[in-house]
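Heads up: the sequence shown is residues 13 to 87, going by our numbering.
Note that beta-carbon positions come from the ideal geometry of N, C-alpha and C, so glycine has one too.
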Amino acid sequence: MDTNILYFKIYEHEVTSSDYVSWAIEMLLNDYSTDSLINLASFIEPLDILEVEEYFQRSIKELNISKPTHQKCAR
13 MDTNILYFKI
23 YEHEVTSSDY
33 VSWAIEMLLN
43 DYSTDSLINL
53 ASFIEPLDIL
63 EVEEYFQRSI
73 KELNISKPTH
83 QKCAR
């Protein structure tokens, strides 16, 4: 899942724990790698949304990804 699509789902309050895991897997497949990203990609059901979101935030910080605006994500 593309980062902008994931953030759009976050802005629209439609994001699921599985969306975060799918995003992490796609990032790894695109040659991004951090410890938090690897951990996030390895999560399996049942997922704890708070834990998943914590690892997502860590991954974003470690990858130095800026939060896009809602408008940019909607394109």
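Check: Proximity below 9 Å, CB of tyrosine 44 to CB of tyrosine 67; Outcome: no
Check: Alpha-carbon to alpha-carbon, phenylalanine 55 and serine 78; Outcome: 24 Å
Check: Residue range of the unbroken alpha helix (DSSP H) whose run includes phenylalanine 68; Outcome: 61 to 75
Check: Distance CB(serine 71)-CB(leucine 52) smaller than 9 Å; Outcome: yes
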